[in-house]
Amino acid sequence: MGLGPPLVMAGDELRRQVGERSWYHTLELAPGVVTPGWFDTRDVLTSIPFPADLSGMRCLDIATFDGFWAFEMERRGAAEVVAVDVLDPRDFDWPDNSTADAVDAIGERKGLGEGFEIAAAALGSSVKRLERNVYDLDPAELGTFDFIYMGSLLLHLRDPIRALGCVRRVCAGSALFVDAVDAELSLLFRRRAVAGFDGMGRPWWWKPNAAALARFIESAGFSVVEGPGRFSMPRGEGQPLVRPAWRALGSHVGREAWLTWRRGDPHAYVVGTPG
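Numbered per the working numbering, the sequence shown spans residues 62 to 336.
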């Protein structure tokens, strides 16, 4: 009598789950099991003022996606970590000129939060994830937090200042904001706050220069205590490496594409405290 099919080892099952979906974050879930993220945020930890020790702190990760920053808070000793995200892509800040195909395409890439669930189970995490829009952060429901991380979200919001005001309501300590910035505008206008605007068919709205990112945060009632500091967000294995054409250097968008291809996605950070 045969012994039947071999048992599937836990590591093999995890690799299968990792391979069946797209990932935004690069996460090491087990020895030899690394998610092919769109970005590899692991090296970013040395480029931004992310606290080395969060012992005893209550922390919040806004727009958690696959959970990299929430799990890092937990690893650094946070007493409690809450992660929030909008799980249904139809609830994003879509321009009115968006098509159903665009919504479906982004929805397929993000999923409904399965990446976070897979990672949390693999890591044995106790992070509490809630389905919440940043506009709906309410201290009466969530309480306040000693440290907040909000990454790569302002770009996708119709009203970033309103969103930042909602973050301030639940911030009792400090908040670290990290977001995409326009590298060329940051170089040309080091002190003047300016931003590019998209709003065409996808939830990409404002791309500020570094000075405007800081101004966004000040406008929402935060005091800037560090930054803005610029850095490049490294691409991960899940992001196609496509070299732009030389003729692209003739346009602003093309020059941004070249910079991203060579160095990573231009970003900046700002640390704020409630004013």
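Using N, Cα and C, we set each Cβ at its ideal position, and we do this for glycine too.
Residue i in three-state terms, based on DSSP
{"i": "Leu-121", "result": "strand"}
{"i": "Gly-80", "result": "helix"}
{"i": "Arg-316", "result": "helix"}
{"i": "Ala-254", "result": "coil"}
{"i": "Glu-298", "result": "coil"}
{"i": "Val-105", "result": "helix"}
{"i": "Trp-265", "result": "coil"}
{"i": "Asp-243", "result": "coil"}
{"i": "Ala-236", "result": "strand"}
{"i": "Trp-322", "result": "helix"}
Outcome for residue i when other beta-carbon atoms lying within 10 angstroms are tallied against a minimum of 16
{"i": "Pro-301", "result": "exposed"}
{"i": "Trp-155", "result": "buried"}
{"i": "Asp-259", "result": "exposed"}
{"i": "Lys-189", "result": "exposed"}
{"i": "Phe-192", "result": "Looking at the sequence itself, residue 192 is Glu, so the reference to Phe does not match. Burial call: exposed."}
{"i": "Gly-212", "result": "buried"}
{"i": "Glu-81", "result": "exposed"}
{"i": "Arg-276", "result": "buried"}
{"i": "Met-261", "result": "exposed"}
{"i": "Leu-248", "result": "exposed"}
{"i": "Thr-96", "result": "buried"}
{"i": "Trp-307", "result": "exposed"}
{"i": "Ala-224", "result": "buried"}
Closer than 7 angstroms: residue i CB and nearest the ligand FAD heavy atom
{"i": "Phe-126", "result": "Only the bare structure without any ligand can be found here, which leaves the ligand FAD out of the picture."}
Selected residue, minimal CA-CA separation from residue i, among the options
{"i": "Asp-149", "options": "Asp-122, Glu-279, Phe-126 and Asp-199", "result": "Phe-126"}
{"i": "Arg-296", "options": "Thr-321, Pro-289 and Ala-272", "result": "Thr-321"}
{"i": "His-217", "options": "Glu-169, Ala-236, Leu-198 and Ala-241", "result": "Ala-241"}
{"i": "Gly-138", "options": "Arg-291, Ala-144, Cys-120 and Asp-146", "result": "Cys-120"}
{"i": "Tyr-85", "options": "Gly-176, Met-134 and Leu-75", "result": "Gly-176"}
{"i": "Asp-101", "options": "Phe-111, Gly-93, Glu-89 and Pro-112", "result": "Glu-89"}
{"i": "Gly-234", "options": "Ile-179, Gly-299, Val-286 and Ala-273", "result": "Val-286"}
{"i": "Ala-163", "options": "Trp-265, Glu-141 and Leu-246", "result": "Trp-265"}
{"i": "Val-314", "options": "Arg-252, Asp-243 and Glu-169", "result": "Asp-243"}
{"i": "Asp-326", "options": "Val-239, Cys-232, Gly-128 and Ser-83", "result": "Val-239"}
Element boundaries [beta strand (DSSP E), containing residue i]
{"i": "Phe-100", "result": "98-100"}
{"i": "Phe-58", "result": "Nothing about residue 58 can be reported from this structure: the residues present for the chain run from 62 to 336 only."}
{"i": "Ala-329", "result": "326-335"}
Endpoints, the alpha helix (DSSP H) within which residue i is located
{"i": "Leu-90", "result": "It is not in any alpha helix (DSSP H) - Leu-90 instead sits in the beta strand (DSSP E) that spans 89-91."}
{"i": "Leu-274", "result": "271-280"}
Could you give the uninterrupted runs of the beta strand (DSSP E) lying entirely in the region 191-232, keeping only those of 3 residues or more? 206-212
For the region 113-187, which segments carrying the beta strand (DSSP E) assignment without a break, of at least 3 residues, lie completely within its bounds, in sequence order? 119-123 and 141-146
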